[in-house]
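In this note's numbering, the protein residues as written are 37 to 520.
Here is the structure:
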């Protein structure tokens with residue numbers, strides 16, 4: 037019987053190798069969710085360009101600017117427009133979004149840049165109010181002079197009302213008064229939101245906490261406030277439109293997210309993001325005047341849209357789903373419902389349930405930011421809204437998982453994130469020098485070896501240089517280097 041030559045055998049083996057399907061090794065099990073980049077491609081060009089250029093000029097993650105931009109845009113729309121998913125299900129333009137970042141980061145400059153168009157409108161409204169107040173006093177004096185004595189006449193002029201586009205801080209009672217006089221809604225902007233959260237536990241006149249008041253506002257529901265003093269003893273607003281944005285530090289947020297706030301549904305109503313915190317670097321970059329102007333013009337245009345008047349209050353002009361958008365919404369709704377059924381965590385279920393409404397609100401916002409004269413919400417807007425919702429779901433669950441970490445798990449995650457910011461590679465000496473938590477070289481090496489044992493990375497020995505010597509071994513994250 038003829039035998040095959042060695043070369044023939046080698047050729048056969050090589051052919052089998054070429055024809056074989058590659059088998060990827062199982063990825064190490066993650067004990068935390070990876071941070072995903074903010075989906076800039078889901079935004080209309082005006083918002084995307086402003087966020088991209090502003091974040092680049094400050095050297096911060098785009099999400100740092102994006103969250104307050106979304107809330108600002110939603111507030112500019114206010115109750116002028118709403119979205120109808122089907123008969124009886126109408127969602128208002130209300131977004132509550134908070135950036136989670138440590139003290140000393142760029143969260144405040146990003147926050148201020150996003151809300152600036154509303155601040156400018158508020159400054160103009162204040163100047164207009166001052167002028168109207170002076171004119172009111174003049175006309176009131178003329179009316180009194182024409183009447184008998186100091187008794188006001190029947191034709192006494194009505195006092196002016198201050199227009200509100202944005203408020204920085206106010207009590208529940210003050211907010212109700214502001215909304216009564218500004219039925220189209222406004223933005224509540226809190227640079228440091230911890231005080232707002234902590235006000236929920238304050239009981240007023242034995243009638244319950246402020247938290248129930250805010251839970252109603254998150255849905256655009258009515259508010260009623262009884263007062264002991266003042267000309268108006270009862271303030272009633274049948275429909276509300278208050279969007280909220282702010283910043284909060286991670287430790288404070290973790291302390292605020294109590295089981296009670298999860299059970300009440302407050303946590304599920306808030307969109308959170310903890311953006312990447314790159315090392316601060318001086319930059320001469322600044323956003324183009326065109327990008328800034330386009331964003332400011334959009335916000336102004338949205339605040340000047342017409343609205344419809346009902347018997348008691350302002351009624352939103354409703355945008356239905358376009359026919360081609362309905363299957364997109366239906367598929368998303370069913371998928372989200374299935375995911376909610378699969379999870380055993382009630383907190384995750386609650387957040388997924390709220391993302392139904394937020395996806396619709398995103399669709400309305402993205403549609404109007406693309407075309408302020410739109411009459412329907414298109415398929416493209418709904419697809420982008422879903423992409424945006426997926427990002428917020430991922431970010432919310434990532435943060436939620438961090439709050440459940442042990443100290444050891446948190447230290448490992450923070451080390452992994454640090455190495456990722458360092459380009460995914462680091463030596464023992466670099467880690468010891470840059471991270472003060474590792475006082476000794478042995479501590480730094482032990483921490484990196486722990487990551488190797490967990491399957492998060494490996495050591496690589498560089499080739500000796502031309503001058504001889506032995507280069508330091510480099511730890512490389514498993515997500516960075518795949519070579520053998």
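The beta carbon of each residue, even a glycine, is placed where N, CA and C say it ideally should be.
Quantities reported herein were computed from a predicted structural model and do not represent experimental measurements.
Proximity to residue i [Cα-Cα], best of the options
| i | options | result |
| --- | --- | --- |
| residue 201 | 222, 194, 361, 139 | 222 |
| residue 302 | 252, 330, 259 | 252 |
| residue 413 | 120, 88, 83 | 120 |
| residue 152 | 135, 108, 176 | 108 |
| residue 431 | 194, 463, 133, 378 | 133 |
| residue 328 | 178, 105, 159 | 105 |
| residue 388 | 453, 398, 493, 428 | 428 |
| residue 393 | 80, 299, 454, 128 | 128 |
| residue 399 | 131, 226, 138, 256 | 131 |
| residue 220 | 275, 308, 160 | 275 |
| residue 294 | 233, 360, 318, 94 | 233 |
| residue 84 | 173, 258, 150, 254 | 150 |
| residue 193 | 147, 177, 142 | 177 |
| residue 236 | 247, 226, 227 | 247 |
| residue 332 | 375, 166, 155, 103 | 155 |
| residue 271 | 209, 70, 254 | 209 |
| residue 284 | 263, 474, 142 | 142 |
| residue 257 | 212, 475, 196 | 212 |
| residue 231 | 216, 215, 464, 206 | 206 |
Cβ distance (whole Å) where residue i is taken to contact residue j below 8 angstroms
| i | j | result |
| --- | --- | --- |
| residue 338 | residue 113 | 5 angstroms |
| residue 480 | residue 468 | 4 angstroms |
| residue 417 | residue 334 | The Cβ separation is near 15 angstroms, so there is no contact. |
| residue 110 | residue 311 | About 19 angstroms; that fails the 8 angstroms criterion. |
| residue 229 | residue 282 | 3 angstroms |
| residue 278 | residue 224 | 6 angstroms |
| residue 353 | residue 117 | 5 angstroms |
| residue 391 | residue 372 | 6 angstroms |
| residue 286 | residue 138 | 6 angstroms |
| residue 424 | residue 136 | Not quite, the Cβ-Cβ distance comes to about 18 angstroms (not below 8 angstroms), so this is no contact. |
| residue 91 | residue 82 | Actually they are not in contact, since the Cβ atoms of residue 91 and residue 82 sit about 15 angstroms apart, beyond 8 angstroms. |
| residue 513 | residue 460 | 4 angstroms |
First and last residue of the uninterrupted beta strand (DSSP E) at residue i
| i | result |
| --- | --- |
| residue 131 | Looking at the DSSP string, residue 131 is not in any beta strand (DSSP E), and its letter there is neither H nor E. |
| residue 105 | Run containing residue 105: none in the beta strand (DSSP E); it sits in the alpha helix (DSSP H), 98-113. |
| residue 227 | 222-228 |
| residue 308 | 307-309 |
Residue i - partner residues in DSSP beta bridges
| i | result |
| --- | --- |
| residue 9 | For residue 9 there is no data in the structure shown, the boundaries of the chain being 37 and 520. |
| residue 282 | 134, 226 |
| residue 120 | 126, 356 |
| residue 272 | 260 |
| residue 289 | In the DSSP output, where bridge partners are listed per residue, residue 289 has none listed. |
| residue 511 | 462, 495 |
| residue 203 | 224 |
N- and C-terminal bounds of the alpha helix (DSSP H) containing residue i
| i | result |
| --- | --- |
| residue 395 | 382-406 |
| residue 335 | 325-339 |
| residue 210 | 208-217 |
| residue 363 | 362-378 |
| residue 297 | 295-300 |
| residue 253 | 246-254 |
Contained beta strand (DSSP E) runs [length at least 3] in the region 413-487, N- to C-terminal order: List check, beta strand (DSSP E) in window: 461-463.
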